[in-house]
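S.K.: Read in this note's numbering, the sequence shown has 315 at position 182, and its numbers run on one by one without any break.
The beta-carbon is built from N, C-alpha and C at its ideal position, and this holds for glycine as well.
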Amino acid sequence: MSGQSPDPPAIDPPAFTSQGPYGWWSQVRPIPGWLSLTEAALLRLAGEVTAAVAADLLEIGAFHGQGAATLAFELAGDQQVWVVDPFGIPGGSRAVRDEQELWYRDLSRADFESSFGRVHERPAKVIEALSTDLAPEDLDGKPYRVIHVDGAHDYDSVCHDIDLSLAVLADGGIVVFDDIANTHSPGVAAAVWAAVDRGQLAPLMLTNKLQSCRPGDHQALRSRLLEALSSRGWNAGIERPLRIAGFDVIRDPRPPAEIDAVDHPVPDRRAGLRAWRGWVPPVALSTARRVRDRARTRGARNPNQAGG
Ligand SMILES: C[S@@+](CC[C@H](N)C(=O)[O-])C[C@H]1O[C@@H](n2cnc3c(N)ncnc32)[C@H](O)[C@@H]1O
Numbered sequence: 134m135s136g137q138s139p140d141p142p143a144i145d146p147p148a149f150t151s152q153g154p155y156g157w158w159s160q161v162r163p164i165p166g167w168l169s170l171t172e173a174a175l176l177r178l179a180g181e182v183t184a185a186v187a188a189d190l191l192e193i194g195a196f197h198g199q200g201a202a203t204l205a206f207e208l209a210g211d212q213q214v215w216v217v218d219p220f221g222i223p224g225g226s227r228a229v230r231d232e233q234e235l236w237y238r239d240l241s242r243a244d245f246e247s248s249f250g251r252v253h254e255r256p257a258k259v260i261e262a263l264s265t266d267l268a269p270e271d272l273d274g275k276p277y278r279v280i281h282v283d284g285a286h287d288y289d290s291v292c293h294d295i296d297l298s299l300a301v302l303a304d305g306g307i308v309v310f311d312d313i314a315n316t317h318s319p320g321v322a323a324a325v326w327a328a329v330d331r332g333q334l335a336p337l338m339l340t341n342k343l344q345s346c347r348p349g350d351h352q353a354l355r356s357r358l359l360e361a362l363s364s365r366g367w368n369a370g371i372e373r374p375l376r377i378a379g380f381d382v383i384r385d386p387r388p389p390a391e392i393d394a395v396d397h398p399v400p401d402r403r404a405g406l407r408a409w410r411g412w413v414p415p416v417a418l419s420t421a422r423r424v425r426d427r428a429r430t431r432g433a434r435n436p437n438q439a440g441g
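(1) With distance defined between alpha-carbon atoms, name the residue in E207, P389, A262 nearest to W157.
(2) Excluding the 5 residues flanking K258 on each side, which residues of the same chain have their C-beta closer than 6 angstroms to its C-beta?
(3) Please identify the residue among D350, Q344, C346, V291 whose C-alpha is closest to the C-alpha of A323.
(4) Does the distance between the C-beta of S290 and the nearest non-hydrogen atom of ligand 1 fall short of 7 angstroms?
(5) To the nearest angstrom, how far is it from the Cα of P319 to the Cα of I193?
(6) Pick out whichever of G379, G366, I377, V399 has its Cα sitting closest to the Cα of P386.
(7) Is any heavy atom of ligand 1 found at a distance shorter than 7 angstroms from the C-beta of E372?
(8) For my contact list, I164 and V217 are in at a C-beta cut-off of 8 angstroms; report their separation, rounded to the angstrom.
(9) Kindly indicate which residue of T316, A314, D294, S264 has the alpha-carbon position closest to the one of V308.
(10) Under the rule that 16 or more other beta-carbon atoms within 10 Å means buried, what is T171, buried or exposed?
(11) Relative to ligand 1, is the shortest distance from any of its heavy atoms to the C-beta of A195 smaller than 7 angstroms?
(12) Should A179 and E232 be called a contact, given that it needs their Cβ atoms to be closer than 8 angstroms?
(13) For F380, list the residues DSSP reports as bridge partners.
(14) In angstroms with no decimal places, state the Cα-to-Cα distance between L272 and V399.
(15) Using the beta-carbon count (16 or more within 10 Å), is T316 buried or exposed?
(16) Start and end of the beta strand (DSSP E) containing H281?
(17) Does the Cβ-Cβ distance between V279 and T183 come in under 8 angstroms?
(18) Closest by CA to R230, which one among T265, S247, T203, D211?
(19) Helix, strand or coil: which one does DSSP assign to V186?
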């Protein structure tokens, strides 16, 4: 989850052309969630640079399916996307229950399945559970080449998800952690950087998500990510080198202008002003008008001052 709003954005119409290399976003964007096109494109990149590994994809914490539907575009052959989510069934520690109650109270498995089904014909494999109740053998006993960890955000749950992910990560696979750099989810950062410090994980690429891998795969995967980014016209930020725990990390790759324009549309200044007028209490507005009118009168008396 990214951003501070407790409510996911309402389903809105696709604002991005369905043509072109990012056309798939027009299918994912209407699904409720917090994913930006930039983050979604980088998630797909994790799928692309691990394409040579014959293994499925996994998401811990699916919500309505934006991440899973994004990952599913990277499936080859009979590969599948798996998701783990309790879908509103209460459980877990106090911290987990509080998070569920605040953000995901009304979520149902049917919500996920119908959103996902609008984008992909082949359904995702669903494990309806808290990840913290699962052992590696509950995940179908096979390796995964990309694992998107976006479930509970408290420290203990994320520590569990790190161990679970490392137990089922394919050789040459990538683990992506969401909300690594948010003040509302410090447990994620604490757990993940501790695993980096212990030498369990190597950081590859940092945005509000961290893409990471086993230390032995770092060099090859970083090169592939850099190559894929530059072939698409992304600025990989290598002019601002970042080295953490002995690993070179790609920092905040900047997307080409057309992606940025989707994530940060230029605000309509007049619409902004209208919204501001609507928001300001009427009494403050009338005071502001009186001050403005007095200033105009003074300006009219002073020939050196332009009137407005
Ligand atoms: C931020 S949302 C996930 C967003 C989703 N990855 C996306 O891209 O739209 C977090 C989800 O994690 C689920 N969740 C919370 N605690 C969990 C846990 N311990 N294991 C698995 N899922 C969990 C919630 O039900 C919720 O659907």
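M.R.: In brief:
(1) Here residue 157 is taken as the residue at index 24 of the sequence shown, counted from 1. Checked all of E207, P389, A262; the closest Cα to W157 is E207.
(2) The count along the sequence shown starts at 1 and reaches residue 258 at position 125. Contacts found: Q213, W215.
(3) Within the sequence shown, numbered from 1, the residue matching residue 323 stands at position 190. Checked all of D350, Q344, C346, V291; the closest Cα to A323 is V291.
(4) Walking along the sequence shown from the start, residue 290 turns up at place 157. Under cutoff, so the answer is yes.
(5) Sequence index remark: in the sequence shown, residue 319 carries index 186 (1-based). Sequence index remark: in the sequence shown, residue 193 carries index 60 (1-based). Answer to the nearest angstrom: the Cα atoms are 18 angstroms apart.
(6) By 1-based counting over the sequence shown, the position of residue 386 is 253. Per the Cα distances, G366.
(7) Reading the sequence shown from its first residue, position 239 is the one you call residue 372. No, since every heavy atom of ligand 1 falls outside the 7 angstroms radius drawn around the Cβ of E372.
(8) Locating residue 164 in the sequence shown gives position 31, counting from the first residue. Locating residue 217 in the sequence shown gives position 84, counting from the first residue. Actually they do not touch by this definition, with Cβ atoms about 18 angstroms apart.
(9) As a first step, residue 308 must be located in the sequence shown, where it is residue number 175. Ranking T316, A314, D294, S264 by Cα distance to V308 puts D294 first.
(10) As a working note, residue 171 is residue 38 in the sequence shown. Under this definition T171 is a buried residue.
(11) Here residue 195 corresponds to residue number 62 of the sequence shown, with the count starting at 1. If you check the C-beta of A195 against ligand 1, you find a heavy atom less than 7 angstroms away.
(12) The count along the sequence shown starts at 1 and reaches residue 179 at position 46. The count along the sequence shown starts at 1 and reaches residue 232 at position 99. No, the Cβ-Cβ distance between A179 and E232 is not below 8 angstroms.
(13) Counted from its first residue, the sequence shown places residue 380 at position 247. DSSP output for F380 lists I377 as bridge partner(s).
(14) Taking the first residue of the sequence shown as position 1, residue 272 is located at position 139. Taking the first residue of the sequence shown as position 1, residue 399 is located at position 266. Cα-Cα distance, rounded: 44 angstroms.
(15) Residue numbering aside, residue 316 sits at position 183 when the sequence shown is read from its first letter. Exposed is the call here.
(16) In the sequence shown, residue 281 corresponds to position 148, counting from 1. H281 -> beta strand (DSSP E) spans 277-282.
(17) Translated into positions along the sequence shown, residue 279 becomes position 146. Translated into positions along the sequence shown, residue 183 becomes position 50. For V279 and T183, yes; Cβs fall inside 8 angstroms.
(18) Within the sequence shown, numbered from 1, the residue matching residue 230 stands at position 97. For R230, the nearest C-alpha among the options comes from T265.
(19) If you number the sequence shown from 1, residue 186 lands on position 53. Here V186 sits in coil by DSSP.
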